[in-house]
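This report refers to the structure that appears directly beneath it.
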Amino acid sequence: MKKSQTLFAVSLLALAISGCAVTSEPIERSVSEQRAQSDLQTMFADQEPLSGPLTLHQAMARAVKYNLEARLKVMEEAMAQRQVDLARFDMLPRMALSAGYAGRDNVSASSSQSIETGTQSLEPSTSQDRDRGVADLTMVWNVLDFGVSYVSAKQQGDQRLIVQERRRKVIHTIIQDVRSAYWRAVAADSLLSQIDTLMARVEQARDNSQRLSEQRIGDPIQALSYQRALIEATRQLEEQRRALSLAKTELATLINLPLGTDVELAPVADYQVPELKVELDLLEQEALASRPELREQDYQARISAAETRKAMLRLLPGLEFSAGGHYDSNSFLVNQSWADYGVKVTWNLFNVLSAPAAIDVAKAGQEVADARRQAMSMAILAQLHVANANFREARRQFQTSQQLAGLDGQIVEQLRNRYQAQGIGELELIQGELNTLQAELRRDLAYAELRNAYAQLFVSAGVDPLPEVLPDDKVSTIASALASNESRWADGRMGMR
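With the working numbering applied, the sequence shown covers 1 to 497.
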């Protein structure tokens with residue numbers, strides 16, 4: 001019998017252990033497919049449809065409103081605000097409510113024993129029911145905990161402001177990326193059709209040359225050299241096409257359009273060369289006051305200073321107030337419900353020993369934050385001067401590329417006239433047209449770089465492309481605000497924070 005009991009106990013133990021085992025099942029493919037379909041619908045849901053050709057500022061506005069990374073920063077900011085709201089509750093008193101049922105299998109009885117004789121001096125008796133209901137509502141408020149919680153709530157508020165600055169940085173970066181992709185997409189729109197036409201002509205010329213070679217007409221070495229030159233021209237055209245063909249895909253990704261959407265871009269009237277009408281000294285002052293990275297460091301310094309105050313607060317004794325209401329159904333009690341209250345001073349003496357070290361650590365954190373901010377200030381000033389140098393070089397390179405494109409255009413016109421008069425061969429005309437295409441591509445890419453370098457000056461200065469408040473969040477409203485701000489930059493006026 002004893003052996004069977006032991007075996008039963010072992011079986012129960014094995015069953016309990018196996019029940020506690022944790023297994024993880026792989027996600028089924030059908031679940032992943034449903035998630036994929038849901039994500040595709042969510043990513044592009046509730047977007048304003050494209051109406052007409054897409055302008056630069058409309059593309060920027062769509063990126064600001066619909067770009068998934070920008071949406072993520074908005075959600076992080078909202079979560080940070082909720083964390084601030086939650087931190088405020090830490091300043092409230094602690095209030096605990098408990099209610100329940102208490103019982104035992106025998107009577108809670110006791111007797112007394114004489115300390116002189118060691119004999120029982122009172123027969124066993126009870127003053128408590130075997131089954132009873134109890135309830136308590138107790139509130140405790142510690143002044144020291146309130147002070148520490150108040151400082152922590154202020155720190156959480158600064159963390160929310162840091163998230164705002166990081167969102168500003170993301171907006172700056174996204175708008176610059178859209179600007180770069182848009183101008184390259186404009187170049188692709190104007191040049192891809194010309195590249196395709198020229199590639200078709202090159203392919204036809206290669207076919208004609210191969211037929212002549214097969215018929216053994218002409219010098220074979222000259223024919224092979226001619227075909228090699230055509231293949232080299234094809235390779236150059238393919239490289240140019242590859243560089244341009246992805247521009248619209250990148251633009252669609254940035255403005256969160258479904259990939260493969262045929263985007264019609266607004267035509268560009270001419271190549272306007274921007275001029276910087278703001279003094280560099282003013283941009284330096286604005287950069288040191290407005291760059292998101294430096295403002296984030298300002299908030300970090302304030303958080304570090306608050307850590308010092310918290311360390312000093314923990315040196316103080318805590319004053320604790322308590323009050324509560326109680327109920328007990330015990331029939332032996334004269335008063336089954338009562339209230340109590342009290343005041344208590346608490347002081348963790350070990351905090352007195354550790355506080356100096358904690359204060360030193362907090363002060364060291366402040367010094368590190370100050371040093372980091374100063375180093376970052378120097379780096380930001382360097383970025384501003386580099387952006388200024390890049391702008392001047394980009395303007396010079398664009399002017400040179402524009403002159404070369406103009407000359408190549410005149411040359412190809414002369415080559416066409418000679419080809420029609422049968423003064424030159426088709427290969428020479430194709431090479432001239434290829435040179436013209438390359439010159440136009442370099443000009444358009446140089447112009448894109450010029451526009452980016454000009455805008456990068458204001459990004460380096462921390463100037464926001466959007467005002468803090470907009471009347472609504474329509475794409476047209478955001479685009480209008482972006483265009484208005486850029487117009488002020490062109491006039492030498494900046495919207496200071």
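The beta carbon of each residue, even a glycine, is placed where N, CA and C say it ideally should be.
Going along the chain, which residues of its own chain have a beta-carbon closer than 7 Å to the beta-carbon of residue i, five neighbours each way excluded?
i	result
ALA455	GLN176, ARG179
PHE350	none
ALA102	ARG132, VAL134
ALA311	ALA355, ALA358, ILE359, ALA362
GLN431	ALA233
GLU440	LEU191, ALA405
LYS248	ALA185, ALA188, VAL263
LEU294	LEU288, ARG373, MET376, SER377, ILE380
TYR182	LEU56, ALA59, LEU251
VAL107	THR126, ARG130
Which residue marks the beginning of the beta strand (DSSP E) containing residue i, and which one marks its end?
i	result
SER460	Here SER460 belongs to no beta strand (DSSP E); instead the alpha helix (DSSP H) covers 426 to 460.
VAL107	Note, VAL107: premise wrong, no beta strand (DSSP E); not H, not E.
Using 8 Å as the limit for Cβ to Cβ distance, is residue i near chain B?
i	result
ASN335	This model lacks chain B altogether, as it is built from one protein chain only.
Could you give the first and the last residue of the continuous alpha helix (DSSP H) run that contains residue i?
i	result
ARG130	That residue, ARG130, is in no alpha helix (DSSP H); it is neither H nor E in DSSP.
ARG62	56 to 66
LYS248	247 to 254
Spatial neighbours of residue i within its chain, please: CB distance less than 6 Å, with the 5 preceding and 5 following residues excluded, ordered by chain position.
i	result
ARG497	The predicted model places ARG497 with a pLDDT of 44, which falls under 50 and marks its position as unreliable; any figure quoted below should be read in that light. Once the five neighbours on either side are set aside, the close Cβ partners of ARG497 are SER290.
SER112	SER121, LEU122
ALA479	HIS57, GLN58, ALA61
PRO124	ALA109, SER111
LYS277	GLY492
GLU48	VAL475
GLN383	SER460
TRP347	PRO317
Give the DSSP-derived three-state secondary structure of residue i in the structure shown.
i	result
ALA421	coil
LEU482	helix
VAL386	helix
GLU123	strand
THR234	helix
GLY100	strand
GLN240	helix
GLN47	coil
LEU137	strand
LEU283	helix
SER470	The question names Ser, but residue 470 is Leu in the sequence shown. The answer is coil: DSSP assigns LEU470 none of H, G, I, E or B.
ALA257	Residue identity check: residue 257 is Leu in the sequence provided, not Ala. In the structure shown, LEU257 sits in coil (DSSP, three-state: anything other than H, G, I, E or B).
GLN272	coil
Apart from the five residues just before and just after residue i, which ones in its own chain have a Cβ nearer than 8 Å to its Cβ?
i	result
LEU315	ASN351, VAL352, ALA355
ARG242	none
VAL151	ALA306, ARG309, LYS310, LEU313
ASP298	ARG373
* What runs of the alpha helix (DSSP H), each 4 residues or longer, lie entirely inside the stretch 285 to 367? -> 292 to 313
* Are the stretch 407 to 423 and the stretch 465 to 478 touching by the rule of at least three beta carbon pairs closer than 8 Å? -> no
* To do: For the stretch 318 to 331 and the stretch 384 to 391, state whether three or more C-beta atom pairs, one from each stretch, are separated by less than 8 Å.
  => Note that the stretch 318 to 331 does not touch the stretch 384 to 391; fewer than 3 beta-carbon pairs, one per stretch, sit closer than 8 Å.
* **contact_flag[the stretch 411 to 430, the stretch 471 to 480] where n(CB pairs < 8 Å) is 3 or more** => no
* To do: Spell out a yes or no on whether the stretch 60 to 68 and the stretch 253 to 272 are touching, meaning 3 or more CB-CB pairs, one atom from each, closer than 8 Å.
  => The answer is yes - the stretch 253 to 272 touches the stretch 60 to 68, with three or more Cβ pairs under 8 Å.
* Asked: Contact between the stretch 265 to 277 and the stretch 195 to 210: three or more CB pairs below 8 Å?
  -> Judged by Cβ distances under 8 Å, the stretch 265 to 277 makes no contact with the stretch 195 to 210, as fewer than three pairs qualify.
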